[in-house]
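Okay, structure first, notes after.
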Amino acid sequence: MVKKPTASGGVPKYENHPMRRKEKEITDHTEMENILRRGEICRLAMAENDIPYVVAVNYGYADNALYIHSAPEGKKIDMLRRNNRVCFQVDTDVAVINTDSVHNCNTRYKSIIGYGTASIITDDTGKIAGLDVLMTQYQSDGQEYPQTLLDRMVIIKIDIESMTGKQSLE
Ligand SMILES: Cc1cc2nc3c(=O)[nH]c(=O)nc-3n(C[C@H](O)[C@H](O)[C@H](O)COP(=O)(O)OP(=O)(O)OC[C@H]3O[C@@H](n4cnc5c(N)ncnc54)[C@H](O)[C@@H]3O)c2cc1C
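If you read the sequence shown in our numbering, its first letter stands for residue 22, the second for the next number, and so on.
Here's what the structure looks like:
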């Protein structure tokens, strides 16, 4: 059973630090999901032997999970096979504003940081389902996937265990 992510607090696996700027916190789960549905790039963080590694990837969001397409080998896949616990970050609506004044210069954004576990999907049915989620995210669903494409990729599924949302609208 997939656990529904929670806002700050109530997260069993990861210790959540309270958000310093409470007024910027997004606590509404539906709003967080909307950000994940609208985002295009996910920064996926992994760790091994106390050394972090982060990669930017495209992704699709559905049913409390992120779906990422990837080559079947490489550093990221090697790391995930050894430690499947990940952190990710997605942002939308980013704008750097008032750049002419050091006093008012700011960045608007909506952002999600989440934790989860990665599984690597290697069967064709699972890969097609993952690609469908990805292509829907990019408004290009109804695609056919040639076997040659399926053969040279895997899908990384991130089951989200907790997430927090933050926005700066100033
Ligand atoms: C906007 C964006 C979207 C992307 N979307 C996807 C995606 O959907 N799926 C996907 O698999 N990849 C995507 N990539 C590429 C991704 O960031 C990685 O380069 C790729 O996944 C290979 O990672 P790896 O760990 O297997 O690298 P490897 O090929 O194993 O290489 C590891 C080495 O190369 C360096 N390296 C790897 N990637 C990068 C990088 N991006 N920038 C600088 N140095 C790097 C590492 O520091 C390390 O030293 C995207 C990149 C960008 C910028």
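The beta carbon of each residue, even a glycine, is placed where N, CA and C say it ideally should be.
Ranked by how close their Cα comes to the Cα of Pro73, the residues Thr51, Glu61 and Asn104 have Asn104 in first place. Ranked by Cα distance from Asp172, the first of Glu61, Thr143 and Val107 is Thr143. Checking the 7 angstroms criterion, the Cβ of Gly147 is out of range of every heavy atom belonging to ligand 1. For Ala86, the Cβ stays outside the 7 angstroms cut-off from all heavy atoms of ligand 1. Counting along the chain, no beta strand (DSSP E) covers Val123, and no H or E run does either.
Rounded to the nearest whole angstrom, the CA to CA distance from Ile56 to Ile176 is 21 angstroms. Taking every protein chain shown into account, the CB of Asn85 has 16 or more other CB atoms within 10 angstroms, so this residue is buried.
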